[in-house]
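Undergrad: Below: one structure in structure tokens.
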């Protein structure tokens, strides 16, 4: 995804505008709700805006609740649950949502879901009805594309859509924002055509724009459903384009953390 | 670091204001340069602003260049250099800057520096004079505290200071911003006193504010010294306080990535 850029980068101010929303629980139409949130917050979407929405809010809009007593744990869940001090039905829900499961910490399994690391595959039990868990949206990439189209049709605004979650970082306290779905945005900017004296520095050549936007929005988003599940990021129109379907994951064998940490475990075993 | 908060969270707009700067190379006084950047960009610092500065710009201000031909590689550097296709003197510089070195990818060693993972210990060879590398600032935490004090004394503004670098993420393309030093800011917000139906969800309870700010600023910062090495983030005064010295690292044995990836390597070996 190389996009020829003709604007000066880094000269515009960027605004992060939180939209306060009332608590929701059952399924609802997100775009209809968005109209009322924009009105109650005195805001409107403009061409080139990035519309950022929390994955949990969208999962709620889809009614992606699971009652733990309806989940029958299978063989694998037993040993993982006892090893990690977790509820067996909860572990079963995590296993069903994961592409690949790794061991973790007390209460947490590290999983790979949709190509990325996610603790507990995004299965979450905070701030929802007791006895339930909430899953990630069914398909965040498709959902981002659908929201972008519906916003264009119903409000006439050419926006980008980023769906965000919060994610732990290696060796650091606290979560940062991460994008689990996006549409209409150059999600990873490739600066590799730019002059470099030596020509081999991968680490400074690509910027994870959708993830940086997600982190910027985590500064104003609450973590509960009483908070701020939606925000507008304005001033990044140069990254907004009519594009979809970019794969922002890297293969495990090309990941410096996967490669490095396998040598770490053998060095400290 | 629990700070009693009395403001409504998530209701303020946040602004990210880039400061364009001319290219620099030799040592210089950062705070003196800042005054001229503020003037040339038509901006001023206010109480509650977060002043964000790139670590490379500050390393330049300290003259932290090393000529590779002056670095004598020792034993370890040889085998690591040939295994990773790297220059031996460069590897030696990485080893000297690291607390702990792990294997990596072609051209990259994963290291632990100041408690965090950093590819090549932050030793960088892009956009600086040929034949040289540039190191991280000598002590980013102390430097952030010093800049905060000098800004207060010379400009009378009570700001927070965050020093940023760019960092790869596990299994994802592109870099995000990360804070390598900070002063005057609640770097990690602890929401663990908040109501949760189950009470055990670590992942949603702490937010890495300084890292999220660093990522927000990566949206406007260039990656070269011709770009935007400084930015002001406005609207986060509720996180700004007269605090210093918070340790935002977690121990490897408490890190879900370290724990999970050791099981990944044995599962796929």
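Protein chains in written order, with our numbering: chain A, 261 to 529; chain B, 261 to 529. Cβ atoms here follow ideal geometry from the backbone N, Cα and C, with glycine treated the same way. As the structure is a computational prediction, the values presented were derived from the model and not from experiment.
1. Here's the rule I'm using: 16 or more other beta-carbon atoms within 10 Å means buried, otherwise exposed. How should residue 309 of chain A be labelled?
2. Since residue 432 of chain B and residue 376 of chain A should fall inside the 8 Å C-beta cutoff, what is the C-beta to C-beta distance between them, to a whole number of angstroms?
3. Which stretch, first to last residue, makes up the beta strand (DSSP E) that contains residue 314 of chain B?
4. Tell me the rounded alpha-carbon separation between residue 395 of chain A and residue 395 of chain B.
5. What number of angstroms, rounded off, separates the C-alpha of residue 514 of chain B from the C-alpha of residue 321 of chain A?
6. So for residue 278 of chain A, helix, strand or coil by DSSP?
7. Taking DSSP's pairing of strands, which residues face residue 467 of chain A in a bridge?
8. Between residue 509 of chain B and the rest of its own chain, which residues show a CB-CB distance below 7 Å, the 5 nearest in sequence each way excluded?
9. Could you tell me the alpha carbon to alpha carbon distance between residue 422 of chain A and residue 277 of chain A, rounded to whole angstroms?
10. Answer yes or no: does any C-beta atom of chain A fall closer than 8 Å to that of residue 517 of chain B?
11. Is DSSP giving residue 345 of chain A helix, strand or coil here?
12. Of all the options A/517, A/275, A/285, which has the alpha carbon lying nearest to the alpha carbon of residue 386 of chain A?
13. Determine the extent of the alpha helix (DSSP H) in which residue 552 of chain A is found, giving its start and end residues.
14. Using the beta-carbon of each residue, which ones in chain B are nearer than 7 Å to residue 330 of chain A?
15. Taking the alpha carbon of residue 336 of chain B as the point to measure from, which residue in B/522, B/319, B/347, B/330 has its own alpha carbon closest?
16. Just reading off the alpha helix (DSSP H) that residue 291 of chain B is part of, what are its end residues?
17. Does residue 393 of chain A come out as helix, strand or coil in the three-state DSSP assignment?
18. Is the separation between the beta-carbon of residue 479 of chain A and that of residue 274 of chain B shorter than 8 Å?
19. Whose Cβ in chain A lies nearer than 7 Å to the Cβ of residue 337 of chain B?
20. Using only CA atoms, which one of B/366, B/324, B/358 lies nearest to residue 392 of chain B?
21. How big is the Cα-Cα spacing for residue 349 of chain A and residue 388 of chain B?
22. What does residue 373 of chain B reach in chain A if we use C-beta pairs closer than 9 Å?
23. May I ask you to verify whether the stretch 466-475 of chain B touches the stretch 435-451 of chain B, counting CB pairs closer than 8 Å and requiring at least 3?
24. Along chain B, in chain order, which residues have C-beta atoms closer than 8 Å to that of residue 514 of chain A?
25. Closer than 9 Å, Cβ to Cβ, to anything on chain A: give me those residues from the stretch 418-435 of chain B, in chain order.
26. Run the CB neighbour count on residue 512 of chain B, radius 10 Å, all protein chains shown included, and call it buried at 16 or more, exposed below.
27. Starting from residue 499 of chain A, trace the beta strand (DSSP E) in both directions and tell me its first and last residue.
28. At a Cβ threshold of 8 Å, is residue 247 of chain B touching chain A?
29. Who are the neighbours of residue 277 of chain A on chain B, taking C-beta pairs under 9 Å?
30. Check for me: the beta strand (DSSP E) holding residue 327 of chain A runs from which residue to which?
31. With a threshold of 8 Å, are at least 3 pairs of Cβ atoms found where one atom belongs to the stretch 287-307 of chain A and the other to the stretch 357-373 of chain A?
32. Check whether chain A comes within 8 Å of residue 473 of chain B, counting only Cβ atoms and requiring the distance to be less than that.
33. Assuming residue 370 of chain A is part of the beta strand (DSSP E), what are its boundary residues?
34. Using the beta-carbon of each residue, which ones in chain A are nearer than 7 Å to residue 496 of chain B?
35. Going along chain B, which residues have a C-beta under 7 Å from residue 288 of chain A?
36. Comparing C-alpha positions only, which one of A/353, A/504, A/328 sits nearest to residue 409 of chain A?
TA: Reading it off the structure:
1. The count along the first chain starts at 1 and reaches residue 309 of chain A at position 49. Classification for residue 309 of chain A: buried.
2. Translated into the one-based positions of the second chain, residue 432 of chain B becomes position 172. Translated into the one-based positions of the first chain, residue 376 of chain A becomes position 116. With a Cβ gap of about 6 Å, residue 432 of chain B and residue 376 of chain A count as contacting.
3. Looking up residue 314 of chain B in the second chain gives position 54. Start and end: 310-314.
4. Residue numbering aside, residue 395 of chain A sits at position 135 when the first chain is read from its first letter. Residue numbering aside, residue 395 of chain B sits at position 135 when the second chain is read from its first letter. Those two C-alpha atoms are separated by around 43 Å.
5. Residue mapping note: residue 514 of chain B aligns to position 254 of the second chain, counting from 1. Residue mapping note: residue 321 of chain A aligns to position 61 of the first chain, counting from 1. So the alpha carbons of these two residues sit roughly 34 Å apart.
6. Stepping through the first chain from its first residue, residue 278 of chain A is reached at position 18. Strand.
7. Indexing the first chain from 1 puts residue 467 of chain A at position 207. Residue 467 of chain A pairs with A/449, B/435.
8. Reading the second chain from its first residue, position 249 is the one you call residue 509 of chain B. So the qualifying residues of the chain are 375, 376.
9. Within the first chain, numbered from 1, the residue matching residue 422 of chain A stands at position 162. Within the first chain, numbered from 1, the residue matching residue 277 of chain A stands at position 17. Roughly 14 Å between the two C-alpha positions.
10. As a first step, residue 517 of chain B must be located in the second chain, where it is residue number 257. Taking Cβ atoms only, chain A reaches closer than 8 Å to residue 517 of chain B, which makes this a yes.
11. By 1-based counting over the first chain, the position of residue 345 of chain A is 85. It is coil, neither helix nor strand.
12. Within the first chain, numbered from 1, the residue matching residue 386 of chain A stands at position 126. Of the listed residues, the one whose Cα sits closest to residue 386 of chain A is A/285.
13. No answer is possible for residue 552 of chain A: it lies beyond the span of chain A, which begins at 261 and ends at 529.
14. Taking the first chain and counting its residues from 1, one reaches residue 330 of chain A at position 70. Ordered by position in chain B, no residue passes the 7 Å Cβ test against residue 330 of chain A, which lies about 17 Å from the chain.
15. Here residue 336 of chain B corresponds to residue number 76 of the second chain, with the count starting at 1. Nearest option by C-alpha distance: B/347.
16. Against the second chain, residue 291 of chain B aligns to sequence position 31. Looking at the DSSP string, the run of the alpha helix (DSSP H) that includes residue 291 of chain B is 290-300.
17. Locating residue 393 of chain A in the first chain gives position 133, where the first residue counts as 1. Strand at residue 393 of chain A.
18. For this step, residue 479 of chain A is matched to residue 219 along the first chain. For this step, residue 274 of chain B is matched to residue 14 along the second chain. Cβ distance < 8 Å, so residue 479 of chain A and residue 274 of chain B count as in contact.
19. Counting from 1 along the second chain, the entry for residue 337 of chain B is found at position 77. What residue 337 of chain B touches in chain A: nothing, since even the nearest Cβ is about 16 Å away.
20. Translated into positions along the second chain, residue 392 of chain B becomes position 132. Of B/366, B/324, B/358, the residue nearest in Cα terms is B/324.
21. By one-based count along the first chain, residue 349 of chain A stands at place 89. By one-based count along the second chain, residue 388 of chain B stands at place 128. Cα to Cα, residue 349 of chain A sits roughly 55 Å from residue 388 of chain B.
22. As a first step, residue 373 of chain B is located in the second chain; it is residue number 113 there, counting from the start. Within chain A, no residue comes near residue 373 of chain B; the closest Cβ sits about 10 Å away, beyond 9 Å.
23. yes
24. As a position in the first chain, residue 514 of chain A is number 254, starting the count at 1. The contacting residues are 365.
25. 426, 427, 428, 429, 430, 431, 432, 433, 434, 435
26. One-based indexing of the second chain puts residue 512 of chain B at position 252. It is buried - the Cβ of residue 512 of chain B has at least 16 other Cβ atoms within 10 Å.
27. As a first step, residue 499 of chain A is located in the first chain; it is residue number 239 there, counting from the start. Element bounds for residue 499 of chain A: n/a, residue is neither H nor E.
28. There is simply no residue 247 of chain B to check, as chain B begins at 261 and stops at 529 in what is shown.
29. Numbered from its first residue, the first chain carries residue 277 of chain A at position 17. Under the 9 Å cutoff, chain B gives 273, 274.
30. Position 67 of the first chain holds residue 327 of chain A. 325-327 is the span of the beta strand (DSSP E), which, as asked, contains residue 327 of chain A.
31. no
32. To locate residue 473 of chain B, count along the second chain from 1; it is residue 213. So, interface residue.
33. Residue 370 of chain A sits at position 110 when you count from the first residue of the first chain. Its beta strand (DSSP E) spans residues 368-373.
34. Mapped onto the second chain, residue 496 of chain B falls at position 236. Chain A residues near residue 496 of chain B: 479.
35. The residue given as residue 288 of chain A occupies position 28 in the first chain. Neighbours of residue 288 of chain A on chain B: none; closest Cβ ~21 Å, over 7 Å.
36. Locating residue 409 of chain A in the first chain gives position 149, counting from the first residue. The shortest Cα separation from residue 409 of chain A among A/353, A/504, A/328 belongs to A/504.
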